[in-house]
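Residue numbers (my numbering), protein chains in the order written: chain E, 1 to 315; chain L, 316 to 425.
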């Protein structure tokens with residue numbers, strides 16, 4: 001007989017893992033399809049202080065590890081594949097990966113979002129060569145060096161403080177004249193002696209032969225540009241970009257209703273416009289994108305998927 | 316299987332990579348890098364696939380920052396292919412996938 005899952009989950013961040021846990025625990029034959037970013041955005045986050053119940057030392061990776069263990073214990077299957085296409089037209093949904101094709105009675109899309117690029121010349125060429133979107137990956141290269149952090153939200157400021165544990169000096173480059181981060185985070189940041197701020201500014205260009213050697217910053221009020229050169233002894237410096245995210249919804253375009261920004265529109269029960277297809281986590285149109293809301297989405301989506309399968313498929 | 320992906324430290328780097336004859340692939344990783352950890356099983360499998368053609372080495376940059384930077388490694392994960400001690404090609408960050416690493420090796424080694 002053909003292998004048809006009760007529930008297939010695309011994505012393996014907190015939303016996908018919570019859905020896998022709830023789905024498997026409800027005795028649904030559950031498959032979680034992991035992309036290349038195992039664990040999602042949160043594994044590149046150092047501190048997870050605002051997830052209820054997570055202890056002070058909780059890091060993104062440790063939290064994800066425990067979630068994975070839990071989902072596995074309840075019997076969720078896991079496969080690593082890159083999804084290239086989906087066919088949601090039939091009653092049985094088909095998910096096409098590079099390695100295999102997966103069939104399921106219900107689907108939860110939890111593909112999440114990817115960091116938004118600064119979009120300036122030199123950025124892509126020098127990614128991994130001084131330009132980074134992952135502080136936990138790359139912070140220790142910049143021990144006693146200079147680092148610039150582009151952005152002014154929660155993530156930017158928190159990661160800047162993490163980087164300040166390594167770097168000699170961390171300069172936050174922000175488009176406006178005040179931070180967007182939560183007040184409690186701002187208070188900590190302003191007290192940190194290693195943090196400096198470059199207001200009303202954006203990065204215009206990043207230059208270097210093989211590694212970052214200089215960067216051009218523009219003051220958005222005066223229009224004035226300044227080029228910052230690496231300290232001669234250091235030879236380089238870091239530029240970490242945290243300016244929000246873009247939804248990973250390309251393969252669903254035209255198949256699921258998206259908003260203008262590319263996020264999937266759902267109702268309160270995580271239902272998309274297609275019967276049997278749900279969305280959970282950062283991929284969804286919502287007001288707060290955090291681990292706690294991703295997990296909640298995943299739980300609701302899996303519960304709704306269970307109801308849908310029960311009502312629409314005979315044993 | 317992991318025996319084919321040999322960890323080397325900064326004292327061995329010169330001999331094992333820069334003065335080595337033939338192809339050497341270096342998997343640069345660090346203790347805190349979760350994407351590196353996720354990628355490593357794939358690199359181990361590739362080490363088995365290319366056994367005898369490419370020497371696979373892994374190098375923890377956590378305590379060898381200067382050496383890493385001298386190799387222009389400033390982001391992880393980075394997988395670099397060397398031939399006769401010279402960098403031939405490398406893939407880093409999002410491009411450092413099993414498929415891309417396999418393709419990179421196949422292109423040069425065949």
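Glycine is no exception: its CB is placed at the ideal position from the N, C-alpha and C atoms.
Just list the beta strand (DSSP E) runs in the stretch 143-227 of chain E, keeping only unbroken ones of 3 residues or longer that don't cross its boundaries, in chain order. 146-150, 169-173, 195-198, 201-207 and 214-219
Going by DSSP in three states, residue 9 of chain E sits in which element: helix, strand or coil? strand
6 Å CB neighbourhood of residue 413 of chain L in its chain, flanking five on each side removed: If we look at residue 413 of chain L and ignore the five residues flanking it on each side, its Cβ neighbours are 357.
Chain L within 8 Å of residue 141 of chain E, Cβ atoms only: yes
What three-state label does DSSP hand residue 396 of chain L in the structure shown? Strand.
Identify the contact partners of residue 367 of chain E in chain L, using a Cβ-Cβ distance below 7 Å as the criterion. In the structure as shown, chain E starts at 1 and stops at 315, and residue 367 of chain E therefore has no counterpart that could be examined.
Answer with buried or exposed for residue 221 of chain E, where buried requires no fewer than 16 other C-beta atoms within 10 angstroms of its C-beta. It is exposed - the Cβ of residue 221 of chain E has fewer than 16 other Cβ atoms within 10 Å.
Opening and closing residue of the alpha helix (DSSP H) in which residue 308 of chain E lies: 291-312
For residue 384 of chain L, three-class secondary structure by DSSP: Three-state DSSP puts residue 384 of chain L in a helix.
Could you check whether residue 105 of chain E and residue 4 of chain E sit closer than 8 Å to each other, using their CB atoms as the reference points? yes
What residues from chain L crowd round residue 321 of chain E, counting only those whose CB sits closer than 7 Å? Past the boundaries of the shown model lies residue 321 of chain E; chain E is included only from 1 to 315, so the question cannot be answered.
Chain-ordered chain E contacts of residue 380 of chain L [CB-CB under 8 Å]: 140, 141 and 143
According to DSSP, simplified to helix, strand and coil, what is residue 114 of chain E? strand
Looking at the secondary structure, which residues open and close the beta strand (DSSP E) in which residue 96 of chain E lies? 93-97
From the DSSP output, in three-state form, read off residue 415 of chain L for me. helix
Residues of the stretch 21-41 of chain E in Cβ contact with chain L at a cutoff of 8 Å, in chain order, please. 36, 37, 38 and 39
Under three-state DSSP, which class holds residue 370 of chain L? strand
Per-residue burial, residue 89 of chain E [other beta carbons within 10 Å of its own, 16 or more giving buried]: exposed
Looking at C-beta atoms only, is the number of pairs between the stretch 145-163 of chain E and the stretch 235-244 of chain E that lie closer than 8 Å three or more? Cβ pair count under 8 Å is three or more, so yes.
Alpha carbon of residue 234 of chain E to alpha carbon of residue 147 of chain E, nearest angstrom: 11 Å
Suppose you measure from the CA of residue 316 of chain L to the CA of residue 304 of chain E; what does that come to, to the nearest Å? Annotation note: pLDDT 44 at residue 316 of chain L (below 50); position unreliable, no value reported.
Selected residue, minimal CA-CA separation from residue 116 of chain E, among E:156, E:208 and E:77: E:156
Smallest Cα separation from residue 114 of chain E: which of E:41, E:172 and E:266? Among E:41, E:172 and E:266, the Cα nearest to that of residue 114 of chain E belongs to E:41.
Is residue 282 of chain E buried or exposed, if buried means 16 or more other CB atoms sit within 10 Å of its CB? buried
For residue 408 of chain L, name the three-state secondary structure that DSSP assigns. Residue state, collapsed to three classes: helix.
Nearest-angstrom Cα separation, counted from residue 214 of chain E out to residue 227 of chain E: 7 Å
Residue 300 of chain E versus residue 17 of chain E: straight-line alpha-carbon distance, rounded: 12 Å
Run of the alpha helix (DSSP H) containing residue 318 of chain E, from where it starts to where it stops: No answer is possible for residue 318 of chain E: it lies beyond the span of chain E, which begins at 1 and ends at 315.
Report all residues from its chain with a CB closer than 6 Å to the CB of residue 44 of chain E; omit the five preceding and five following residues, and keep chain order. Closer than 6 Å at Cβ, skipping near neighbours: 134 and 136.
Proximity of residue 13 of chain E and residue 294 of chain E at Cβ, strictly below 8 Å: yes
Where residue 52 of chain E falls, given that 16 or more other Cβ within 10 Å makes a residue buried: exposed
Between which residues of its own chain and residue 163 of chain E is the CB-CB distance below 6 Å, once the five residues before and five after are set aside? 135, 139, 147 and 170
Secondary structure, beta strand (DSSP E): runs of 3+ residues fully inside the stretch 21-57 of chain E: List check, beta strand (DSSP E) in window: 30-34.
In chain order, what residues of the same chain have a beta carbon less than 6 Å from the beta carbon of residue 218 of chain E, not counting five sequence neighbours either side? So the list reads 202, 204 and 225, once near-sequence residues are dropped.
Counting pairs of Cβ atoms below 8 Å between the stretch 19-31 of chain E and the stretch 55-72 of chain E, do you hit three or more? The answer is yes - the stretch 55-72 of chain E touches the stretch 19-31 of chain E, with three or more Cβ pairs under 8 Å.
Go to residue 328 of chain L, then tell me how far its alpha helix (DSSP H) extends in each direction, as first and last residue. 325-328
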